[in-house]
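Presented below is the structure to which this report refers.
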Amino acid sequence: MKKIIITFSLIFFSIFGFSQKITNENFENKFSQLLENLGKENWKDSEKLCSDLLEFTEPIPELDTEKKVLRYMFIYSTAGLLNEKKLSKEEALKRTIHLKDKQMIMPAHPFKSNCFVNCTQITDEDKNTFFSGVNNSKGTQIFSFEYVNIKNGIKETKDQLEGKFIVLKGTLNEISVDGNILPRFKLKFIEGEYDFVEN
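The sequence shown: position 59 = 64 (this note's numbering), numbered continuously.
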């Protein structure tokens, strides 16, 4: 979880940064509270903060990057509630379906060929699609299976990608909730892009 929160912070503050026109200190304070609640896996509060921040950012074109990050965080927080049985599969999908066809930025995960917990791979079915298995900090809960099809193709080989932290971006094309004992989101993104961050 700590690595996920750090990469959320890196994405938001370092790589993409706040838009120059942000002047509302309350926004930054609430975002800091959001990161704190995500770190503590306090899903109820993090989902509420995400919802409030999205309501603020969605109508503002200058906050395009911020809203892309927050949309993903909202799904992530909802997945936490789903795994704690505080939401049914139907409720979780109902809360998030409005994000279909929206662009998102996901936190960085390491590319690892033999890994299924908070890491990224290339799918066997499509050499231009990344797959990420996203879990809680202990790896005991499955939050989502995420597929991001890269619009211009993946240029590197698996060996070249091994160990690198990859940030994925894309448009959410499909969203569903699968599984009964371990319910989780299945997210499929199109028009994907990827970048690297220092680990």
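A virtual CB, placed ideally from N, CA and C, is assigned to each residue, including glycine.
How many whole angstroms separate the CB atoms of residue 95 and residue 48, which I take to be in contact at a CB cut-off of 8 Å? On the sequence shown, residue 95 is found 90 positions in, with the first residue counted as 1. On the sequence shown, residue 48 is found 43 positions in, with the first residue counted as 1. 18 Å between Cβ atoms; not a contact.
Check whether the Cβ atoms of residue 77 and residue 112 sit closer than 9 Å, and answer yes or no. On the sequence shown, position 72 is the one that residue 77 refers to. On the sequence shown, position 107 is the one that residue 112 refers to. Yes; because the gap between Cβ atoms is below 9 Å, this pair is in contact.
Continuous beta strand (DSSP E) stretch holding residue 137: start and end: Residue 137 sits at position 132 when you count from the first residue of the sequence shown. Taken as a continuous stretch (DSSP letters only), the beta strand (DSSP E) holding residue 137 covers 134 to 140.
I'd like the list of long-range same chain contacts for residue 139, defined as Cβ closer than 7 Å, with 5 residues on each side in sequence excluded. Within the sequence shown, numbered from 1, the residue matching residue 139 stands at position 134. Here the set comprises 123, 148, 149 and 151.
Please work out which residues of its chain come closer than 6 Å, Cβ to Cβ, to residue 191, disregarding the five sequence neighbours upstream and downstream, and give them in chain order. Indexing the sequence shown from 1 puts residue 191 at position 186. Answer for residue 191: 150, 181 and 183, listed in chain order.
Against chain B, does residue 100 count as a neighbour if the rule is that its beta carbon must be under 9 Å from one of theirs? Of the protein chains in the structure, only one exists, and it is not chain B.
Start and end residues, beta strand (DSSP E) containing residue 102: Sequence index remark: in the sequence shown, residue 102 carries index 97 (1-based). Here residue 102 belongs to no beta strand (DSSP E), and DSSP marks it neither H nor E.
Is it true that the CB of residue 176 sits closer than 9 Å to the CB of residue 129? For the purposes of this step, residue 129 is taken as the residue at position 124 of the sequence shown. For the purposes of this step, residue 176 is taken as the residue at position 171 of the sequence shown. It is not a contact, given that the beta carbons lie outside the stated cut-off.
Rounded C-alpha distance that separates residue 104 from residue 57: Stepping through the sequence shown from its first residue, residue 104 is reached at position 99. Stepping through the sequence shown from its first residue, residue 57 is reached at position 52. Their backbone Cα atoms lie some 15 Å apart in a straight line.
So who's on the other strand from residue 154, going by DSSP bridges? Position 149 of the sequence shown holds residue 154. Note: residue 154 sits in a beta bridge opposite 134.
Rounded separation between residue 28 and residue 65 - CA only: Translated into the one-based positions of the sequence shown, residue 28 becomes position 23. Translated into the one-based positions of the sequence shown, residue 65 becomes position 60. Note on residue 28: pLDDT 44, under 50, position unreliable in the model; no value is reported.
Helix, strand or coil for residue 124 per DSSP? The sequence position of residue 124 within the sequence shown is 119, counting from 1. Strand at residue 124.
Residue closest to residue 201, alpha-carbon to alpha-carbon, out of 194, 166, 193 and 195: Along the sequence shown, one-based indexing puts residue 201 at 196. Among 194, 166, 193 and 195, the Cα nearest to that of residue 201 belongs to 166.
Other residues of its chain near residue 101: CB distance less than 8 Å, five sequence neighbours each side excluded: Your numbering for residue 101 matches position 96 in the sequence shown. Counting only Cβ-Cβ distances below 8 Å, and skipping sequence neighbours, we find 79, 80, 83, 180 and 190.
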